[in-house]
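The numbers in full-length UniProt numbering rise by one with no breaks, and the one at position 154 of the sequence shown is 154.
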Amino acid sequence: MSRARTLVRSLVVAFGCFSKVPMPRVEWDRDSMRYAMAFFPWVALAIGLVLWGWLALCRAASVGVLLRAAGVALAPVAVTGGIHLDGLADVVDAQSSHAELARKREILKDPHTGAFAIVGVACYLMAYLALASELDAAPATAALLAGLHWQSRCLSGVATLAFPRSSGQGMLAAFGASADKRRSLAALVAEWAAGVAAAAWVSGAAAAAMAAGGVASLLWLRRFAARHFGGMSGDLAGFFLEVAELVMLACLVVATHLA
Numbered sequence: 001m002s003r004a005r006t007l008v009r010s011l012v013v014a015f016g017c018f019s020k021v022p023m024p025r026v027e028w029d030r031d032s033m034r035y036a037m038a039f040f041p042w043v044a045l046a047i048g049l050v051l052w053g054w055l056a057l058c059r060a061a062s063v064g065v066l067l068r069a070a071g072v073a074l075a076p077v078a079v080t081g082g083i084h085l086d087g088l089a090d091v092v093d094a095q096s097s098h099a100e101l102a103r104k105r106e107i108l109k110d111p112h113t114g115a116f117a118i119v120g121v122a123c124y125l126m127a128y129l130a131l132a133s134e135l136d137a138a139p140a141t142a143a144l145l146a147g148l149h150w151q152s153r154c155l156s157g158v159a160t161l162a163f164p165r166s167s168g169q170g171m172l173a174a175f176g177a178s179a180d181k182r183r184s185l186a187a188l189v190a191e192w193a194a195g196v197a198a199a200a201w202v203s204g205a206a207a208a209a210m211a212a213g214g215v216a217s218l219l220w221l222r223r224f225a226a227r228h229f230g231g232m233s234g235d236l237a238g239f240f241l242e243v244a245e246l247v248m249l250a251c252l253v254v255a256t257h258l259a
């Protein structure tokens, strides 16, 4: 199979798995998943487009702060279908059990949603809403928010491919086993650097703050995953993405207010 066809199939798999954007049907085999993680950040382009349109509508219609912030908080959920929030919920549920490592892994696999998961997601969305309300509706804000989602996916992809896994089963293991790790990791690092550079073109202070928050979250994740779950899993990858985005959003708000 040609390299171009493989890349296109990997792009389709990335969007098919990590977004609700309609995609043609592609068989998920080793070839089509080879570079899927390298295309994972591209989902942020769809999120950025939705955010740009929403903030443009807010400016045109003089939408209030609360409604505008709600749209900013829910746009990623609309594009992704909440797949990463599901990981957040599962990890919060497992961590709140204060159980042994093996039991926490069992909770991650449990399809039922516990009370702690619901409370955790609710608190997360309220925190996201509050932080988003501190931002304006300018086009530059939409660009920085798109960059935030781009960078978080680059870092989540790095964690998926580079960090030790807790199990040889599950979605994360499937992507890890099928990926061309060397090239995919190189692509993710290059994409992350490009995302930081693009954000710096809009605001150097905001770009530096978001990058620092994202990298700090990634370093924290490695220790957290190993200590509490024995390594990475698909749920932890989604959990990390949500945590990193909240941290980066807070960094963006602080940088904006200090500017």
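Even glycine gets a Cβ: it sits at the ideal position worked out from N, Cα and C. Keep in mind that this is a model prediction, so the values were computed, not measured.
Three-state class that DSSP yields for residue i in the structure shown
{"i": "Arg34", "result": "coil"}
{"i": "Met126", "result": "helix"}
{"i": "Gly23", "result": "The amino acid at residue 23 is misidentified as Gly; the sequence shows Met. Coil."}
For residue i, the first and last residue of its enclosing alpha helix (DSSP H)
{"i": "Phe18", "result": "Arg3 to Phe18"}
{"i": "Pro139", "result": "Pro139 to Ala162"}
{"i": "Val247", "result": "Gly234 to Leu258"}
{"i": "His228", "result": "Gly204 to Phe229"}
{"i": "Thr80", "result": "Val65 to Thr80"}
{"i": "Ala44", "result": "Val43 to Ala61"}
Other residues of its chain near residue i: CB distance less than 7 angstroms, five sequence neighbours each side excluded
{"i": "Ala137", "result": "Leu55, Cys58, Arg59 and Arg68"}
{"i": "Ala237", "result": "Gly87, Ser156, Ala159, Thr160 and Leu172"}
{"i": "Val254", "result": "Ala209"}
{"i": "Val50", "result": "Ala75, Ala78 and Val79"}
{"i": "Trp192", "result": "Gln151, Cys154 and Leu155"}
{"i": "Ala162", "result": "Leu185"}
{"i": "Pro164", "result": "Ala226, Gly231 and Met232"}
Distance between residue j and residue i (C-alpha atoms, nearest Å)
{"i": "Ala250", "j": "Ala73", "result": "13 angstroms"}
{"i": "Gly144", "j": "Met248", "result": "Residue identity differs from the one stated: residue 144 is Leu in this sequence, not Gly. Roughly 10 angstroms between the two C-alpha positions."}
{"i": "Ala127", "j": "Pro22", "result": "30 angstroms"}
{"i": "Ala142", "j": "Trp150", "result": "12 angstroms"}
{"i": "Ser97", "j": "Lys104", "result": "7 angstroms"}
{"i": "Asp90", "j": "Ala244", "result": "16 angstroms"}
{"i": "residue 267", "j": "Arg3", "result": "Here the chain covers residues 1 to 259 and nothing more, so residue 267 does not appear."}
{"i": "Lys47", "j": "Ala226", "result": "Note on residue identity: the sequence assigns Ile, not Lys, to residue 47. Distance between the alpha carbons of Ile47 and Ala226: 31 angstroms."}
{"i": "Ala212", "j": "Gly195", "result": "13 angstroms"}
{"i": "Trp28", "j": "Ala44", "result": "22 angstroms"}
{"i": "Ala200", "j": "Ala99", "result": "43 angstroms"}
{"i": "Ala70", "j": "Ile83", "result": "19 angstroms"}
{"i": "Ala198", "j": "Leu125", "result": "27 angstroms"}
{"i": "Pro111", "j": "Arg30", "result": "27 angstroms"}
{"i": "Leu66", "j": "Leu129", "result": "8 angstroms"}
{"i": "Ser32", "j": "Val26", "result": "8 angstroms"}
{"i": "Ser133", "j": "Gly64", "result": "10 angstroms"}
{"i": "Leu246", "j": "Val215", "result": "13 angstroms"}
Reference residue i, options the options, closest by Cα
{"i": "Cys17", "options": "His257, Trp42 and Met232", "result": "Trp42"}
{"i": "Ala208", "options": "Leu258, Met232 and Arg183", "result": "Leu258"}
{"i": "Lys109", "options": "Gly120, Ser233, Ala186 and Arg182", "result": "Ser233"}
{"i": "Ala146", "options": "Val119, Trp52, Leu221 and Leu246", "result": "Trp52"}
{"i": "Lys20", "options": "Arg182, Gly81, Phe240 and Ala122", "result": "Gly81"}
Residues near residue i in its chain [Cβ-Cβ closer than 6 angstroms; skip 5 each side]
{"i": "Gly114", "result": "Asp93"}
{"i": "Gly230", "result": "Leu101 and Ser166"}
{"i": "Ala14", "result": "Ala36, Phe39 and Phe40"}
Residues near residue i by beta carbon distance below 8 angstroms, same chain, minus five either side
{"i": "Ala205", "result": "Ala255, Leu258 and Ala259"}
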